[in-house]
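Colleague:
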Ligand code: SF4
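If you want it as structure tokens, here you go:
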């Protein structure tokens, strides 16, 4: 029997950031994860986060789609922005790139709504992410679920669940500039 819940495509950056978001959304949405993160550097780290996400999603019984590692495109879009502080223009471009791919995929594959786990991070401004999501929703003709997942102790809950599932937690956002 097919689920009556709206089909949601959830953009995922890693397993730890997914935990509390999925806990919050799973009763209301039929979730599919979407791993599109060409920002992650180096490639070894990309695969480490992807592999951890695959194991976690398998464990909780949710499909995880792996999108291409468009590294060159990420570097070309963020060219000239390496000196930007975390949370600045480079990050906006980085969110936009990842969310646009998710919106496009969601629309082409019959999803009802899309969103991202990104706002669970205390370093990421939900207002910026939600504004990008609204714009893309309009452009692609699909709903965007607006959220600030760090609120109501979302970030703290993510830490607890990550410990419970024994997940690898990285110590930098992802790109080469955030690693330095
Ligand atoms: S700091 Fe994080 S969000 Fe900002 S550009 Fe780098 S990977 Fe993307």
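Numbering (this note's numbering), first residue to last: 8 to 187.
Glycine is no exception: its CB is placed at the ideal position from the N, C-alpha and C atoms.
All values derive from a computational prediction rather than experimental measurement.
Between the alpha carbons of residue 189 and residue 79, how many angstroms are there, rounded?
Modeller: Absent from the model: residue 189. The displayed extent of the chain is 8 to 187, so no value can be given.
Colleague: May I have all residues whose beta carbon comes closer than 5 Å to any heavy atom of ligand 1, sorted in chain order?
Modeller: Those residues, listed in chain order, are 46, 93, 97, 98, 101, 180, 181, 182, 185.
Colleague: Under a CB-based cut-off of 8 Å, is residue 90 close to chain B?
Modeller: The chain inventory of the structure shown lacks chain B, comprising one protein chain alone.
Colleague: Following the continuous alpha helix (DSSP H) through residue 104, name the residue where it begins and the one where it ends.
Modeller: Your numbering for residue 104 matches position 97 in the chain shown. Looking at the DSSP string, the run of the alpha helix (DSSP H) that includes residue 104 is 96–115.
Colleague: Among the residues of its own chain, which have a CB less than 6 Å from the CB of residue 81, if the five just before and after it don't count?
Modeller: Against the chain shown, residue 81 aligns to sequence position 74. Taken in chain order, the residues that qualify are 45, 46.
Colleague: Could you check if residue 170 is buried or exposed, using at least 16 other CB atoms within 10 Å of its CB as the buried criterion?
Modeller: Along the chain shown, one-based indexing puts residue 170 at 163. The residue in question, residue 170, is exposed, as its Cβ has fewer than 16 Cβ neighbours within 10 Å.
Colleague: Indicate whether residue 111 and residue 147 have their beta-carbon atoms separated by less than 8 Å.
Modeller: Taking the first residue of the chain shown as position 1, residue 111 is located at position 104. Taking the first residue of the chain shown as position 1, residue 147 is located at position 140. Yes, they are a contact pair.
Colleague: Taking only the alpha-carbon atoms, compute the straight-line gap between residue 88 and residue 140 and give it to the nearest angstrom.
Modeller: For this step, residue 88 is matched to residue 81 along the chain shown. For this step, residue 140 is matched to residue 133 along the chain shown. Cα to Cα, the separation comes out at about 22 Å.
Colleague: Name the DSSP bridge partner or partners of residue 186?
Modeller: The sequence position of residue 186 within the chain shown is 179, counting from 1. Paired residues: none, contrary to the question.
Colleague: Below 8 Å between beta carbons: does that hold for residue 25 and residue 124?
Modeller: As a position in the chain shown, residue 25 is number 18, starting the count at 1. As a position in the chain shown, residue 124 is number 117, starting the count at 1. A contact, by the Cβ cut-off of 8 Å.
Colleague: Going by beta carbon distance, what residues of the same chain come within less than 7 Å of residue 41, once the five residues before and after it are set aside?
Modeller: Here residue 41 corresponds to residue number 34 of the chain shown, with the count starting at 1. Only 16, 17, 18, 19, 72, 74, 109, 112 meet the Cβ criterion.
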